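What follows is a single structure, written as structure tokens, with notes after it.
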Amino acid sequence: MLVSAEDMLKKAKAGHYAVGQFNINNLEWTKAILLTAQELNSPVILGVSEGAGKYMTGFKTVADMVKAMIDSLGITVPVALHLDHGTYEGCYACIEAGFSSIMFDGSHYPIDENVAKTTELIKVAKEKGMSLEAEVGSIGGEEDGVIGKGECADPNECKMIADLGVTMLAAGIGNIHGKYPADWEGLSFETLDAIQQLTGDMPLVLHGGTGIPEDMIKKAISLGVSKINVNTECQLAFADATRKYIEAGKDLEGKGFDPRKLLAPGFEAIKATVKEKMELFGSVGKA
Ligand SMILES: [Zn+2]
2 MLVSAEDMLK KAKAGHYAVG QFNINNLEWT KAILLTAQEL NSPVILGVSE
52 GAGKYMTGFK TVADMVKAMI DSLGITVPVA LHLDHGTYEG CYACIEAGFS
102 SIMFDGSHYP IDENVAKTTE LIKVAKEKGM SLEAEVGSIG GEEDGVIGKG
152 ECADPNECKM IADLGVTMLA AGIGNIHGKY PADWEGLSFE TLDAIQQLTG
202 DMPLVLHGGT GIPEDMIKKA ISLGVSKINV NTECQLAFAD ATRKYIEAGK
252 DLEGKGFDPR KLLAPGFEAI KATVKEKMEL FGSVGKA
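Okay, so the sequence shown: first residue is 2 according to my numbering, each after it adds one.
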């Protein structure tokens, strides 16, 4: 069922595990993630970037597809449909389209303007029963053309944004979107610890989950991270499985060119990646 992310993340924070946010790009992605969540009895968050929303012809198409698929597949685990790194305008478009959760990425605004816009959006989201994620300190790497360095958020700014009444808070702790460079210094647990000390029960969000070593993920969860975003890893798994299929010449055998056959190995690869992450994050059986 489609729900806000609030309850699932409160439970995750209290239970010391994390819920995965897996970004979707099309029908295959959505189906693979929903089926895996149901099979593992895990809550799940479907992330949609503004670029992916545009690719799928608009947020309304996405929301309608997800709702219909939850119904058709008989998905009973909690599913949140969440705008990832939303602009101010994008947040309103998703509220209108029927999403259950939004992230307002005001990290590039001066702090006063970030606070004003976040406060306004919290009010609207609350009225609609939606969850809202805010970001403090820009998160490194590239996300839909938005580039930032791996920064560490100021814990006092985190506290200020958390106190506005956001549902969950993303903070830069040296994490980066996309593949991590060889000279990456790792997560700053000192920063994470300081943020958790000040924000208490607030579920914290770790962006750029691809390529962070397992022991760092586990430590981050122990320090209050309750939502972990995974995007690139599913893309790499999908591309790798699809390339193998083509390179083996399977598209040239019989009806191997049928898109339902051509996309099947990539679909299975996404399922396997999502399963691996849900097991690592500890959300299996927590629906
Ligand atoms: Zn992100």
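In this text, a Cβ means the ideal position worked out from N, Cα and C, and glycines have one as well.
Note that the coordinates shown come from a computational prediction; the quantities given were computed from them, not determined experimentally.
Check, Outcome
"For Lys-289 and Glu-152, I'd like the C-alpha separation in whole angstroms.", "There is no way to answer for residue 289, as the model of the chain reaches only from 2 to 288."
"Check whether chain B comes within 8 Å of Gly-210, counting only Cβ atoms and requiring the distance to be less than that.", "Although the question refers to chain B, the structure presented lacks it and comprises just one protein chain."
"What does a CB cutoff of less than 6 Å around Val-226 pick up in its chain, not counting 5 residues either side in sequence?", "Ala-19, Leu-205 and Leu-207"
"Does DSSP put Ile-148 in a helix, a strand or coil?", "Interpretation of Ile-148 is limited by its pLDDT of 48, a score under 50 that renders its predicted location unreliable; the figure taken from the coordinates is listed afterwards. Strand."
"Please state whether the Cβ-Cβ distance between Ile-34 and Val-49 is less than 8 Å.", "no"
"In the DSSP assignment, find the alpha helix (DSSP H) that holds Phe-263 and state where it starts and stops.", "At residue 263 the sequence reads Leu, which differs from the Phe that was named. First-last of the alpha helix (DSSP H) with Leu-263: 260 to 263."
"Mind checking whether the beta-carbon of Ile-196 lies closer than 7 Å to any heavy atom of ligand 1?", "no"
"Taking the straight line between their C-alpha atoms, what separation do you get for Phe-23 and Leu-10?", "15 Å"
"Measuring only from the beta carbon, is Asp-85 closer than 7 Å to any heavy atom that is part of ligand 1?", "yes"
"Considering only DSSP beta bridges, list what Gln-22 is partnered with.", "Ile-46 and Asn-230"
"Provide the residue(s) that pair with Leu-133 in DSSP beta bridges, ordered along the chain.", "Ile-103"
"Going straight from the alpha carbon of Phe-118 to that of Gly-107, what length do you get?", "The residue asked about is misnamed: residue 118 is Lys in this sequence, not Phe. So the two alpha carbons sit approximately 8 Å from each other."
"Any heavy atom of ligand 1 inside 7 Å of the beta-carbon of Asn-230?", "yes"
"Counting along the chain, where does the beta strand (DSSP E) carrying Gly-87 start and finish?", "80 to 87"
"Report, in whole angstroms, the separation of the C-beta atoms of Ala-1 and Leu-264, which I expect to be a contact under 8 Å.", "With the chain running from 2 to 288 in the structure shown, residue 1 is simply not present."
"Using CA atoms only, rank isn't needed, just tell me which of Pro-156, Thr-233, Ala-273 and Gly-54 is closest to Thr-200.", "Pro-156"
"If I'm right that Pro-79 touches Val-4 with Cβ under 8 Å, what's the distance once you round it to whole angstroms?", "5 Å"
"At a cut-off of 7 Å, would you count Ile-218 as near ligand 1, judging by its Cβ distance to the nearest heavy atom?", "no"
"Using the C-alpha atoms, what's the distance from Glu-158 back to Leu-281?", "30 Å"
"Looking at Leu-41: is its Cβ nearer than 8 Å to the Cβ of Lys-219?", "no"
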